[in-house]
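> Just so you know, the sequence shown maps onto residues 1 to 51 in full-length UniProt numbering. Just so it is clear, CB atoms sit at the ideal spot from N, CA and C, and this is done for glycine as well.
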Amino acid sequence: EYEVESLVGHKYDKRTRKYRFLVRWKGYNPHFDSWVTERDLKNAPTILREY
Numbered sequence: 001e002y003e004v005e006s007l008v009g010h011k012y013d014k015r016t017r018k019y020r021f022l023v024r025w026k027g028y029n030p031h032f033d034s035w036v037t038e039r040d041l042k043n044a045p046t047i048l049r050e051y
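Right under this line is the structure:
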């Protein structure tokens, strides 16, 4: 399981009507940042709330 270091962006997906968040993964460089849903961040509630 990967650990979230921080959220570095977000966007609204008109198709799904939900937000997606750009995640910076702990121990990986920005090349590996990826877009995930809020549901995918269920194990990182503090990071999401502080964003």
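Among the candidates Gly27, Glu50, Thr16, Asn29, whose CA atom is the shortest distance from the CA of Thr37?
The shortest C-alpha separation from Thr37 is found at Thr16.
> Give me whichever residues DSSP pairs with Val36 in a beta bridge.
Its beta-bridge partners are Phe21.
> Between which residues of its own chain and Lys26 is the CB-CB distance below 6 Å, once the five residues before and five after are set aside?
Excluding residues within five positions, the ones whose Cβ falls inside 6 Å are Glu3, Glu5.
> Is DSSP giving Glu50 helix, strand or coil here?
Helix at Glu50.
> Got a sec? Which residues, its chain only, sit under 6 Å from Arg24 by beta carbon, not counting five neighbours each side?
Same-chain partners within the cutoff: Glu5, Ser6, Val8, Asp33.
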